[in-house]
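This report concerns only the one structure given below.
As structure tokens, then:
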């Protein structure tokens, strides 16, 4: 169970990182156009 929780936390961290990067890229694209 603990192993699953660690895996879930890692996935959520990765998802948050991707979301942040995606938002930053969208912002940069908006400024570039």
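Residue numbers (full-length UniProt numbering): 1 to 33. Idealized CB from N, CA, C, for every residue including glycine.
Can you give the Cα-Cα distance for residue i and residue j, rounded to whole angstroms?
i: residue 11; j: residue 33; result: 33 Å
i: residue 7; j: residue 16; result: 14 Å
i: residue 26; j: residue 20; result: 10 Å
i: residue 30; j: residue 22; result: 12 Å
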